[in-house]
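**Q** Quick one: the structure is below, questions incoming.
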Amino acid sequence: NQPVNSEVDSILKEVEKYTLASHLLWGLWGVISEHVNEIDFDYMEYAKQRFAEYWFQKPKVLGVNS
């Protein structure tokens with residue numbers, strides 16, 4: 756049984772939505788880690804990159820302009 760292309764496309768669209776949640780999660784992790792970790796790492800830059808990717812991908816993934 757091979758999946759129908761429309762089924763695969765539907766699943767891919769659902770999965771893409773979770774990439775937005777991932778960007779938000781890791782962005783928040785970066786902000787929090789900036790204040791609680793003493794490791795020499797630019798957590799805020801990492802957070803900015805993840806939030807920027809969230810805002811860049813959001814219109815494409817959700818089909819909205821915001």
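All letters in the sequence shown, in the order written, are residues 756 to 821 by this note's numbering.
Note that the Cβ used here is the ideal one computed from N, Cα and C, for glycine as well.
The model shown is predicted, which means the values in this text are computed figures rather than measured ones.
Measuring only the C-alpha atoms, how far is V759 from S765?
**A** The alpha-carbon atoms of V759 and S765 are separated by roughly 10 Å.
**Q** With respect to the alpha helix (DSSP H) encompassing Q812, which residues constitute its N-terminal and C-terminal limits?
**A** Y798 to L817 is the span of the alpha helix (DSSP H), which, as asked, contains Q812.
**Q** At the level of alpha carbons, what is the spacing between K815 and E808?
**A** Each residue's alpha carbon lies about 11 Å from the other.
**Q** For I787, which of helix, strand or coil comes out of DSSP?
**A** DSSP places I787 in helix when its eight states are reduced to three.
**Q** Between A776 and the rest of its own chain, which residues show a CB-CB distance below 8 Å, the 5 nearest in sequence each way excluded?
**A** Excluding sequence neighbours, A776 sits near nothing in its chain.
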